[in-house]
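Worksheet: the structure to be examined is printed underneath.
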Amino acid sequence: MSDIVACICEHEDGKIVPATLEALGFATELASLTSRKIVSVVIGEGALDTATYLNQLSGLPSLAVNVAAMRAYNSEAYKAAARHAIGLLGSDYVCVPGTTQGFDFAPGLAARLGMPCISNVEGILERNNGPVFVRSVFNGKILAELSLDGQGLVIVQPGRFRFEKNNSSCESWVKQVSFDYEPVRTRVLSTEFSEAADSSLSDASVIIAAGRGIRRKENLELIKRVAQLFSRSAVAGSRPLCDDGWLPFSRQVGQTGATVAPELYMACGISGAQQHLAGMRGSKLVVAINLDAHAPIFLEADIGIIEDLEEFLKNFCEAAPRS
Ligand code: FAD
């Protein structure tokens, strides 16, 4: 049995992505429950600089796996490099941030390591026979508790854990290993950046967010009318609306979209999937309008309205004084 929990840390051009620190927060809890140490693993070309920065930021030991040929992320090379790192550390628990990249490589990595894999983990509990991992199933209606038989890979749900640096950490080092790997099956042809994040979302103090429950694109006009009732307001949406082109991707809130923390977040016809909640959980006041009284968004809402959103919002627009 190894005494190391490895956390594979994601970065973009050397910048640590926020979900990495959250995964380290989870790894800290797991390490404390299982009396293990954490080692953060940074993979890529020039990984040493990022690993050094991460070590200063977190105070945790960092292993840099320098993959010279991997200028841009390549799933095949990344999995091979991660497997090499886990082999060197001998870790029996591996944590991965639940980002698009994490979901891309983690299940394949688990298969190569011969480990079970649990995705979307949002909590961890202590039980007599070891840690138990909590994730939601059936679109957030049920919380499942799963255990691993002393080893496994955990994909950590963004927005659920916080990392706090522990200055008393006794061991802190940065080591570098080189890993040569030329991908044979996949090549990155080009990398294109999506539209820049819409600053109106991060600046807005009121966000009116539309979900699939608005049913027709024309109903976005109603959402916009509600937004116009407030100053410093913006319209946002859940992923299906952006996937369908009803709203630009820059307006998507959630795990693979923007993270927002307005004074008021009004979720109109949004079910409250974990991936959506990950982006709006920091909102000060959440109002949810949904026909389904059991929709998980109500667990997050301060005010819940069980009603047809079209009817409610029309009445709201007529009755509301302008702020
Ligand atoms: P639905 O889940 O279909 O919910 C529609 C809701 O509208 C239902 O609750 C229904 O009761 C209600 N409704 C229907 N009619 C009415 C009415 N007339 N009045 C009132 N209520 C009504 N999703 C995101 O939003 N952001 C992300 O960043 C994101 N990232 C993802 C990343 C990954 C890796 C994966 C796998 C998924 C991601 N998703 C994301 C998708 C997410 O899992 C959900 O599928 C999505 O959030 C559901 O959107 P929704 O709530 O609008 O639709």
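Using my numbering, you'd call the opening residue of the sequence shown number 1 and step up by one each time. We put the CB at the ideal spot given by N, CA and C, even for glycine. Being a predicted model, the structure only gives us computed values, none of them experimental.
query: Span of the beta strand (DSSP E) around Ile86; result: That residue, Ile86, is in no beta strand (DSSP E); its alpha helix (DSSP H) goes 75-89.
query: With 16 other Cβ atoms within 10 Å as the buried cut-off, status of Phe179; result: buried
query: For Lys37 and Ala85, the rounded distance between their alpha carbons; result: 15 Å
query: Strand pairing of Gln176, partner residues [DSSP]; result: Ala64
query: Straight-line Cα distance separating Gly269 from Leu222; result: 13 Å
query: Span separating the alpha-carbon of Ser202 from that of Thr52; result: 30 Å
query: Cβ-heavy atom distance, Ile289 to ligand 1, below 7 Å; result: yes
query: Residues near Cys117 by beta carbon distance below 6 Å, same chain, minus five either side; result: Pro107, Ala110, Leu153
query: C-beta contact flag for Pro296 and Asn139 at 8 Å; result: yes
query: Selected residue, minimal CA-CA separation from Ala144, among Ser136, Gln151, Gly150; result: Ser136
query: Boundaries of the alpha helix (DSSP H) in which Pro107 is found, first to last residue; result: 100-113
query: Contacting residues, own chain, Cβ-Cβ under 6 Å from Gly90 (five flanking each side not counted); result: Ser2
query: Ala82 vs Phe105 beta-carbon contact at 8 Å; result: yes
query: Segment contact, 8 Å Cβ cut-off, at least three pairs: the segment 256-263 with the segment 296-316; result: no
query: Limits of the unbroken beta strand (DSSP E) element including Glu126; result: 123-127
query: Backbone secondary structure at His276 - three-state DSSP; result: helix
query: Nonlocal neighbours in the same chain, by C-beta distance under 7 Å from Gln274, ignoring five residues either side; result: Asn120, Glu122, Ser136, Gly140, Gln157
query: Test item: CB-CB of Thr34 and Pro131 under 8 Å; result: yes
query: Residue closest to Ile43, alpha-carbon to alpha-carbon, out of Cys9, Arg232, Asn166, Gly98; result: Cys9
query: Candidates Thr99, Phe298, Ile214, Ile208: closest to Glu311 by CA position; result: Ile214
query: Contacting residues, own chain, Cβ-Cβ under 6 Å from Asp92 (five flanking each side not counted); result: Ser2, Gln151
query: Minimum C-alpha distance to Ser147 - residue among Phe163, Lys165, Arg127; result: Arg127
query: Proximity to Ala234 [Cα-Cα], best of Arg225, Pro240, Cys242, Leu241; result: Arg225
query: Rounded C-alpha distance that separates Glu182 from Phe26; result: 32 Å
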